[in-house]
Structure formats: structure tokens, C-alpha cells
Amino acid sequence: MPCYVNKLREHEYLSLFRERFEILRVIDIIEDKDRELLTPEIRHELQDYSEQELLKRCITIVARK
1 MPCYVNKLRE HEYLSLFRER FEILRVIDII EDKDRELLTP EIRHELQDYS
51 EQELLKRCIT IVARK
């Protein structure tokens, strides 16, 4: 199973948004059922990422200019 990872990490997105917006809220979606997909092989391949980062399906940034 291929692992797709954006080039930017969550903290980098937030940093970019903070340069121009006031961040009001960050909503992230993590589904516990995805933990079983996080195999030792995937953890090893993506060892620079925290478990929380790997399990997030998406984040929504609510911001104001």
C-alpha cells in the first residue's frame, strides 16, 4: 500500500497561515480504526512523523484576515 505524505507538515501549514491570518480554530480528524493500518513497516518508513501526524486524515484551519 503506498503512503502519500504532503511535503508540508501541519506545523508548517499553521506557520504559513499565521503570517497572514488570525487562526481561530484548528480541527483535525483522527479515526481510531486507522490505527490498525499503521503497521510496523509504515512506522519505520515514516519514523520522522509522530503517530498523531500519521493518523490525521485532514486538518481544517478556521482563520480570519
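In full-length UniProt numbering, the protein residues as written are 1 to 65. We treat Cβ as the ideally placed atom computed from N, Cα and C, and that holds for glycine. Please read all numbers here as calculations on a predicted model, not as lab measurements.
Leaving out five residues before and five after residue i in sequence, what residues of the same chain have Cβ atoms less than 6 Å from its Cβ?
i	result
C58	I29
K56	D28 and I30
Which residues share a DSSP beta bridge with residue i?
i	result
K56	I30
R25	V62
With a threshold of 8 Å on Cβ separation, who are the neighbours of residue i within its own chain once the five nearest residues in sequence on each side are excluded?
i	result
R9	Y49 and E53
With DSSP as the reference, label residue i as helix, strand or coil.
i	result
L37	helix
L16	helix
R9	coil
Once the 5 residues before and after residue i are set aside, which same chain residues still bring their CB inside 7 Å of it?
i	result
R43	none
F17	I23, I61 and A63
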